[in-house]
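K.L.:
Numbers 1 to 307, taken from full-length UniProt numbering, label the letters of the sequence shown in order.
Every residue, glycine too, gets a C-beta built ideally from N, C-alpha and C.
Below you'll find the structure I mean.
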Amino acid sequence: MKFRILNILYFSFILFQLGCRYPIAKQDELESDSLFLEITGSPATDCNAEGIKLSKAIQLDQAEVVWDKCIQTNPNEVAVHLNRLRFYFLLDEYELFKQKVSKEAPSRSSVTYTSVLKELEVRLRNEERVILLDALSRVKGWELYSYEELANYYLQTGNFAYAEGYFNQILEVVPFHENALYGMAEIQVQKSNWYSLLDYAKSLEVAAKKNKEFHFYYLKANFELGRYEEALKWAESAPSSEKSQISFLEVWRDTLLVLKDYPRWDHLLPYYRKAVENGYAVPESAFFPTLSKEGKDVRKASRSGRS
């Protein structure tokens, strides 16, 4: 019994000496991570270096204390904010990090947090940026900005359910938020929800102040719903900038192919050529099928499919 007690005491002493150096799921990632940022010539140089050292040594409790204190004493040091976020990101401790940001409640005009977000974007640390934006969405003044950034991120990555959720949160607060309406319209195109797309097009017609390129949504929805004459009206009334977009030209072309036996491309050609100037590489004879003999079958197939 005495021997067992001595063994327990010995191992307890060893664990005490090691502090928090115990196996964790992300130990390898912490120890080998190369994205912690060093600082020189700053009041935060020493505490930042200590935070990195403790993080890589898996001294987690001590590292957490050092990162928090380093930010408290150097609240405007962008690199320290990036490193603390990296620390919690590697540990998958997202909620704990978000609670800290919420508690600190940075002002919407904070140059520091704006710079942190920009640095994350430039460094392609997108997942960490999402975590920070989610944290900021809980801070007064940051909500709409964070929702929009998150919605755009998920829209770009093809996660339409998440994107739609964030755009809807914006529209609950600002029903005619221009960017949110454009985002929702894009999602309806991707999901082939043509009646919903018409609804968002109507809202954009009212709400659009900066970007008047909402005609495509009317064109696309009416075309897919078989309302070809109505689609053609929206195609012809669109601004030149919108007509030069390939996605717009494709639907405009297809509308004419359905409506006419031998459509003329005079109105489309200048915009097609503008698209070519901007890098579009499909030959004219291929884009406009009736310009070549081989394209006759394409025209007939398109027409028979829409008649």
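1. Going by C-alpha to C-alpha distance, which of Leu-256, Phe-176 and Ser-32 sits closest to Lys-56?
2. Our contact map puts Ala-208 next to Glu-186 with C-beta atoms below 8 Å; I'd like the distance itself, whole angstroms only.
3. Verify whether the separation of the beta carbon atoms of Leu-117 and Leu-132 is less than 8 Å.
4. For Ser-203, collect the residues of the same chain with a Cβ closer than 7 Å to its Cβ; drop the 5 residues on either side in sequence, then sort them by chain order.
5. What are the boundary residues of the alpha helix (DSSP H) that includes Tyr-154?
6. Please work out which residues of its chain come closer than 6 Å, Cβ to Cβ, to Ser-196, disregarding the five sequence neighbours upstream and downstream, and give them in chain order.
7. Indicate whether Glu-119 and Val-78 have their beta-carbon atoms separated by less than 8 Å.
8. Take Leu-35 as the anchor and find which of Gln-99, Pro-106, Leu-124 and Arg-108 has the nearest alpha-carbon.
9. Can you list, in chain order, the stretches of the alpha helix (DSSP H) that have 4 or more residues and sit fully within the segment 182 to 259?
10. Does DSSP classify Trp-265 as helix, strand or coil?
11. Within 10 angstroms of its Cβ, does Pro-270 collect 16 or more other Cβ (buried), or is it exposed?
12. Within its chain, find whatever has a CB closer than 8 Å to the CB of Lys-98; leave out the 5 residues flanking it on each side and keep chain order.
13. According to DSSP, simplified to helix, strand and coil, what is Arg-273?
14. Just checking my contact of Tyr-145 with Tyr-154 at CB under 8 Å: how many whole Å lie between their CB atoms?
15. Among residues of its own chain, excluding the 5 on either side of residue 314, which ones have a beta-carbon nearer than 6 Å to its beta-carbon?
P.N.:
So, from the data block:
1. Ser-32
2. About 14 Å; that fails the 8 Å criterion.
3. yes
4. Phe-176 and Leu-181
5. 143 to 156
6. Gln-188
7. yes
8. Leu-124
9. 194 to 207, 215 to 224, 228 to 237, 240 to 243 and 246 to 259
10. coil
11. exposed
12. Ile-131, Asp-134, Ala-135 and Arg-138
13. helix
14. Wrong, their Cβ atoms sit about 15 Å apart, outside the cutoff.
15. Any answer about residue 314 is impossible in this case: the structure gives the chain only from 1 up to 307.
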